[in-house]
Each structure stands twice: as structure tokens, then as C-alpha cells.
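Data block below; observations after.
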Amino acid sequence: MVRLLILPAIVLPLVAASLPTARPEEVGLSSERLQRIHEMVMRHVEARDISGAVTMVARRGRVVHFEAHGLMDIEAKKPMTKDALFRLASSSKPITAAAILMLMEEGKLKLTDPVAKYIPEFKNSKVALESVRGAVPMSDQASGNGDRYYLAPANHEITIIDLLTHTSGLATGGIANADFQSLLKSRMPTDTLAGFIPRLGTLPLDFQPGTQWRYSGLAGFDTLGRIVEIASGLTFDQFLRQRLFEPLAMNNSWFNIPEKDAARVANIYRKTPNGLEKGAQLAIGTAAYFSGAGGLTCTAEDYLQFAQMLANGGQLNGKRILSPWTVDTMLSNNVGDLFNGQIGRPLKGVGFGLGGEVVVSAVDARIRKPDGSYGWDGAYGTYWWANRKEQMVVVMFVQTPGRSLQYDFDNAVSQAVIE
Numbered sequence: 011m012v013r014l015l016i017l018p019a020i021v022l023p024l025v026a027a028s029l030p031t032a033r034p035e036e037v038g039l040s041s042e043r044l045q046r047i048h049e050m051v052m053r054h055v056e057a058r059d060i061s062g063a064v065t066m067v068a069r070r071g072r073v074v075h076f077e078a079h080g081l082m083d084i085e086a087k088k089p090m091t092k093d094a095l096f097r098l099a100s101s102s103k104p105i106t107a108a109a110i111l112m113l114m115e116e117g118k119l120k121l122t123d124p125v126a127k128y129i130p131e132f133k134n135s136k137v138a139l140e141s142v143r144g145a146v147p148m149s150d151q152a153s154g155n156g157d158r159y160y161l162a163p164a165n166h167e168i169t170i171i172d173l174l175t176h177t178s179g180l181a182t183g184g185i186a187n188a189d190f191q192s193l194l195k196s197r198m199p200t201d202t203l204a205g206f207i208p209r210l211g212t213l214p215l216d217f218q219p220g221t222q223w224r225y226s227g228l229a230g231f232d233t234l235g236r237i238v239e240i241a242s243g244l245t246f247d248q249f250l251r252q253r254l255f256e257p258l259a260m261n262n263s264w265f266n267i268p269e270k271d272a273a274r275v276a277n278i279y280r281k282t283p284n285g286l287e288k289g290a291q292l293a294i295g296t297a298a299y300f301s302g303a304g305g306l307t308c309t310a311e312d313y314l315q316f317a318q319m320l321a322n323g324g325q326l327n328g329k330r331i332l333s334p335w336t337v338d339t340m341l342s343n344n345v346g347d348l349f350n351g352q353i354g355r356p357l358k359g360v361g362f363g364l365g366g367e368v369v370v371s372a373v374d375a376r377i378r379k380p381d382g383s384y385g386w387d388g389a390y391g392t393y394w395w396a397n398r399k400e401q402m403v404v405v406m407f408v409q410t411p412g413r414s415l416q417y418d419f420d421n422a423v424s425q426a427v428i429e
């Protein structure tokens with residue numbers, strides 16, 4: 011059993027790369043009550059739920075809370091630092107969604123465009139339907155899987171917005187999952203998006219597009235990354251660097267971490283009956299494969315810049331990334347009731363925007379953040395949300411997943427709001 015040394019938060023001046031700071035009371039929060047965030051995080055550290063965290067809160071464009079808590083490396087007893095780097099996993103997806111929307115605004119694509127317009131291998135998609143007694147499997151079309159499913163034509167070609175909202179049926183862990191897993195195993199370390207994504211076009215869909223919400227954890231947003239490359243003429247890595255990260259002063263955001271910064275990466279831990287144990291990183295991307303589904307690494311402070319841009323209606327520090335109308339579309343529920351009850355979410359009160367979850371009714375959902383909040387967490391524990399109406403942005407980066415911690419963080423933030 012790993013024994014965890016409990017250290018206090020690293021108390022450093024409240025500074026942020028681009029955003030000004032303020033006393034909490036100047037923007038309607040309580041200094042005294044914000045201290046409960048640290049107390050809450052340390053309870054989870056002491057309970058061996060997590061090793062440490064970095065937390066940030068901003069309102070009306072000014073940072074009022076920025077703290078590092080606990081450890082980033084248990085074995086070395088290394089304190090968490092504010093500039094620690096975190097594997098984003100699926101918190102990469104909203105960034106990919108923003109890239110797509112930037113190209114939409116430039117007229118280089120439409121959200122209703124079929125994916126096949128950019129990647130012809132996706133044309134004439136088929137849907138896998140479970141083989142039942144008495145049915146005649148279309149084995150010649152099912153790649154030898156007639157014993158598991160037969161194929162029917164899709165009711166429409168999957169579109170960009172189907173991918174953005176996880177309503178495409180592409181590689182969602184359904185009836186054709188074995189085919190997807192086999193394809194993943196065939197991916198080589200030298201594969202790029204250009205080389206691999208067209209092969210996804212051969213996969214049967216798990217359901218008729220637009221009829222269900224099912225999480226396409228890897229394939230959907232990696233496909234969007236390839237569409238960004240085709241529409242922009244840049245590699246996905248270059249596009250994000252030039253068009254998003256540099257304008258937003260996100261100078262610590264990468265697919266491939268520079269060697270000089272490797273020591274700043276917080277260790278990934280998983281909770282076990284014997285305490286926290288160092289976990290392995292999932293093979294999401296490679297040096298050549300820029301995964302828009304989960305391949306980015308950045309600091310909490312960098313992600314705050316991105317989230318604040320959304321809360322500001324698409325601009326930060328005089329740099330316009332998206333129009334307010336586009337941001338409103340991104341942060342609105344695009345799927346009706348399809349998201350309610352999915353992957354551990356509440357049975358009502360939530361929806362899904364473009365790349366992230368939306369709170370439709372916090373009262374119905376029984377959650378502690380305001381209506382209209384948008385965000386998306388990652389498999390290693392990164393968590394954040396932005397709210398345009400309340401002009402609030404919050405970030406909590408850890409490297410151990412846990413929903414109870416997220417609820418406690420939202421509660422600690424919410425109780426600190428005094429106007």
C-alpha cells in the first residue's frame with residue numbers, strides 16, 4: 011500500500027498568464043468561502059481518492075482562486091505545482107469542436123456536410139443490426155460477421171454535427187465494437203490521421219445516425235481532427251498551434267510534450283482497494299497521430315484561457331476566435347432528451363452541445379452548477395465548465411477519475427457565490 015504524504019497547498023502569488031486577478035468580493039464571491047475548495051480537495055487527498063489537484067475559479071474575466079494541492083508524484087513526495095501538466099484525455103474534445111467551428115465560420119465546411127464529402131471512404135455507410143433467428147444474415151456485406159449482425163443502409167450519411175454530438179453511431183461500443191477494436195490494433199505508431207481515419211469509413215455503424223446518443227470515445231473526434239486537416243490544409247497539430255493556442259496564450263498545450271517539460275507532468279493514479287497505484291497512460295495518440303479525441307496535454311491555467319474565451323462569447327484579450335452566435339450554438343443542447351441518463355449522467359436536466367455536456371436544468375438534474383454550464387471531463391480526472399450568463403469559469407485538474415470529487419468541487423464553488 012502506497013502511503014501518501016499530506017502536504018498543504020502551495021501558497022504562491024495569484025497570477026495567471028493572460029487573465030487579470032481580483033479580490034473575490036469584487037466579482038461576487040466570498041474569499042472566506044473559497045477557502046473551502048482547498049479543504050474539500052484535501053479531504054479527498056487524505057482519503058486516498060486522489061494524489062493532488064490544481065483548481066481555478068474566474069468570474070467576469072478575472073481569476074479569484076488558483077491553488078495547487080497535494081502531490082503530483084506520490085513516490086517522490088513531489089508537491090503539486092500550479093504549472094503541472096495534465097493528460098486531458100476527452101477534455102481534448104471541446105478544443106477539437108472549436109476548431110471545426112472556426113472552419114465553419116470561414117465557410118470551409120458546414121456542420122450538415124456528410125463526412126464523406128471530405129473522406130470518401132465514409133460514403134454509403136451501413137448500420138449493423140443484430141442477427142436474430144429467422145433473419146437472413148447478409149454475410150457477404152458483414153465482413154464475416156453474419157453470425158453477429160447483418161447490414162442495412164444508413165438513413166443518411168453521417169454528418170459533421172453527428173460526430174460533434176455523438177449521435178453518429180461510429181465506434182460507440184455497440185454491436186460492431188469487435189471490428190473497431192481489431193482496426194485499432196492494426197494502427198501503427200507511424201500512422202497519421204490521413205493514413206488511419208479513412209479506414210474507419212469501413213466500419214458498420216452501431217445505430218441509425220441521429221436516433222441515439224452513444225459516446226464515440228475515439229473514432230468520432232479523431233475523424234473531426236482529420237476533417238480540420240483537409241479543410242484547413244494544415245496538420246491538426248499546426249492548426250491548433252497557429253489558430254487557437256498561440257492567440258489564446260496557451261503556451262503549455264501540446265500533443266507531444268517537449269522533453270524539457272516532461273518533469274512537469276503529473277502522475278496518473280488509479281484508486282484500488284490498497285490505495286492509489288500509479289496507472290498507465292492509455293494509447294490514445296502517438297508522435298505522428300494527433301488525436302482530437304484525447305491526445306492533448308496542458309496546464310490548468312492554459313485550459314482556463316480556452317474556457318474563458320467561450321465564456322466571453324468567443325474572444326479573449328482582443329483575439330476573436332468565434333462569434334458569440336457560434337458559441338451560443340456550441341453551448342446549447344443540440345440533442346433533445348437523448349443525453350439524459352447516458353454514461354452515468356442524470357436521468358433528466360442535461361443535454362449535449364457541440365463537444366460537451368450542457369446543464370439544461372440543474373434543479374431537475376440535482377447538480378450544483380448553474381443552468382447553461384458547458385464542459386466535458388477526461389478519463390484521467392480533468393474537469394471544467396464555463397457559463398456565459400454567470401460569467402464563470404472553473405477548472406479542477408487531477409489525474410485520477412472520480413465523479414464524487416466533481417460534485418464536491420461544484421458544491422464548493424457554488425457556495426462561494428454571494429451575488
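Numbered by the working numbering, the letters in the sequence shown go through residues 11 to 429 in order.
Cβ atoms here follow ideal geometry from the backbone N, Cα and C, with glycine treated the same way.
It should be emphasised that the depicted structure is a prediction, and the values quoted were computed from it without experimental measurement.
1. Quick one: residues in its chain with C-beta nearer than 6 Å to the C-beta of alanine 241, no 5 flanking neighbours on either side, listed in chain order?
2. Quick one: residues in its chain with C-beta nearer than 8 Å to the C-beta of leucine 228, no 5 flanking neighbours on either side, listed in chain order?
3. Name the one or two DSSP bridge partners that threonine 31 has.
4. Given this structure, state the Cα-to-Cα distance separating valine 369 from asparagine 350, to the nearest angstrom.
5. Under 7 Å Cβ to Cβ from serine 333, same chain only, skipping five residues before and after it: list those, please.
6. Going by beta carbon distance, what residues of the same chain come within less than 6 Å of alanine 375, once the five residues before and after it are set aside?
7. Roughly how many angstroms lie between the CA atoms of isoleucine 185 and alanine 426, to the nearest whole one?
8. Let's test the definition: count the other Cβ atoms within 10 Å of the Cβ of tryptophan 395 and tell me whether it reaches 16, buried, or not, exposed.
9. With a threshold of 16 other CB atoms inside 10 Å of the CB of methionine 340, please say whether the residue is buried or exposed.
10. Can you find the residues in the same chain that come closer than 6 Å, C-beta to C-beta, to tyrosine 390, ignoring five residues on each side of it along the sequence?
11. What ranges does the beta strand (DSSP E) occupy inside the stretch 331-413, keeping only unbroken runs of at least 3 residues that lie completely in it?
12. Can you tell me whether DSSP reads threonine 169 as helix, strand or coil?
13. Going straight from the alpha carbon of serine 424 to that of alanine 107, what length do you get?
14. CA-CA distance, arginine 46 and leucine 306?
15. Alpha carbon to alpha carbon, how far is serine 149 from tyrosine 299?
16. What separation, rounded to the nearest whole angstrom, lies between the Cα atoms of serine 135 and arginine 224?
17. Tell me, which residues are paired with tryptophan 264 by DSSP?
18. What is the residue span of the alpha helix (DSSP H) that glutamate 42 lies within?
19. Using only the alpha-carbon positions, how far apart do aspartate 418 and leucine 326 sit?
20. Sorted by chain position, which residues of the same chain lie with C-beta nearer than 7 Å to phenylalanine 255's C-beta, five sequence neighbours on each side aside?
21. Where does the unbroken alpha helix (DSSP H) through threonine 233 begin, and where does it stop?
22. Nearest-angstrom Cα distance between isoleucine 110 and alanine 204?
23. Quick check on DSSP: helix, strand or coil for threonine 91?
24. Determine, using beta carbons only, whether glycine 366 and tyrosine 393 come nearer to each other than 9 Å.
25. Can you tell me where the beta strand (DSSP E) with alanine 140 in it begins and where it stops?
26. Do aspartate 420 and lysine 379 have their CB atoms nearer than 9 Å?
27. Return the chain-ordered list of same chain residues with a C-beta closer than 6 Å to the C-beta of leucine 398, the five sequence neighbours on each side being excluded.
28. Can you name the residues that DSSP bridges to arginine 97?
29. Output yes or no for whether 9 Å exceeds the beta carbon distance between methionine 402 and alanine 68.
30. What residue range does the beta strand (DSSP E) around lysine 281 cover?
31. Got a sec, what are the start and stop residues for the beta strand (DSSP E) glutamate 36 sits in?
32. Do serine 178 and proline 208 have their beta-carbon atoms positioned less than 9 Å apart in this structure?
33. What residue range is occupied by the uninterrupted beta strand (DSSP E) comprising alanine 162?
34. Any idea what DSSP makes of leucine 292, helix, strand or coil?
35. Glycine 205 lies in the alpha helix (DSSP H); which residues open and close that run?
36. Could you pull the DSSP bridge partners for lysine 118 from this structure?
Inspection of the coordinates gives the following:
1. Leu113, Lys118 and Leu119
2. Ala181, Leu194, Ile294, Ser301, Ala303 and Gly304
3. Val73
4. 11 Å
5. Glu115 and Gly324
6. Pro356, Gly359 and Val360
7. 46 Å
8. buried
9. buried
10. Arg97, Ala99, Ile278 and Gln409
11. 360-362, 367-369, 393-397 and 402-407
12. strand
13. 27 Å
14. 30 Å
15. Note that serine 149 scores a pLDDT of 41, beneath 50, so its modelled location is shaky and nothing firm can be said.
16. 17 Å
17. Thr307
18. 41-56
19. 29 Å
20. Ser263
21. 229-242
22. 17 Å
23. coil
24. no
25. Per the sequence presented here, residue 140 reads as glutamate, with alanine not at that position. Looking at the DSSP string, the run of the beta strand (DSSP E) that includes glutamate 140 is 136-140.
26. yes
27. Going by the sequence as given, residue 398 is arginine instead of leucine. Cβ within range, chain order: Ala321.
28. Thr307
29. yes
30. 279-282
31. Neither: glutamate 36 is in no beta strand (DSSP E) and is coded neither H nor E.
32. no
33. 159-163
34. coil
35. 203-210
36. Lysine 118 pairs with nothing; no bridge assigned.
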